[in-house]
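**Q**
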Amino acid sequence: MFFDAAGPESAMSKSRNGKTISVPKLNLDDFCQTFGISEDIESRLRAAEFKSAGALLEISETDLKEVGLKIGQIGELRRALREFLSREMRSVSVETSQ
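Quick note, the sequence shown lines up with residues 1 to 98 if you use the UniProt record's numbering.
1. Check whether the segment 28-36 and the segment 57-67 touch, using three or more Cβ-Cβ pairs below 8 Å as the test.
2. If you count every other CB in all the chains shown that lies within 10 Å of the CB of Ala-47, and 16 or more means buried, which is it?
3. If you follow the alpha helix (DSSP H) that residue 111 is in, where does it begin and where does it stop?
4. Would you list the residues sitting across from Ser-52 in a DSSP beta bridge?
5. Confirm, please, whether the CB-CB distance from Ala-55 to Phe-31 is below 8 Å.
6. For Lys-25, count the other beta carbons within 10 Å of its own beta carbon; 16 or more makes it buried, fewer makes it exposed. Which is it?
7. Excluding the five sequence neighbours on either side, which residues of its own chain have a C-beta within less than 6 Å of the C-beta of Glu-42, listed in chain order?
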């Protein structure tokens with residue numbers, strides 16, 4: 001999956017099967033506050049120039065380790081991302097490419 005700009009309020013992700021998914025954007029500050037991300041994790045993500053929750057969906061565990069996150073912090077971040085996606089699934093739209 002990859003994300004493209006899709007306007008100010010959503011990010012577009014195109015899957016391997018050609019479906020396009022629009023996921024609402026959430027800036028890093030709001031994401032961390034809403035989902036209880038620690039200040040240490042938020043600080044490391046900010047130093048690595050992450051701006052949105054959507055960008056976090058596109059990186060690997062290795063990338064997160066390079067940012068300086070420990071395995072437990074990576075787990076906490078993944079938990080928050082899963083919660084974000086499950087909450088937002090109600091507002092996700094899927095379109096099929098032709």
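In this text, a Cβ means the ideal position worked out from N, Cα and C, and glycines have one as well.
**A** Let me spell this out:
1. Contact check between the segment 28-36 and the segment 57-67: fewer than three CB pairs, one atom from each, fall below 8 Å, which does not count as touching.
2. With fewer than 16 other Cβ atoms within 10 Å, it is exposed.
3. In this structure the chain extends from 1 to 98, so residue 111 is not present and cannot be described.
4. Paired residues: Asn-27.
5. Cβ distance not < 8 Å, so Phe-31 and Ala-55 don't count as in contact.
6. The residue in question, Lys-25, is buried, as its Cβ has 16 or more Cβ neighbours within 10 Å.
7. Closer than 6 Å at Cβ, skipping near neighbours: Cys-32.
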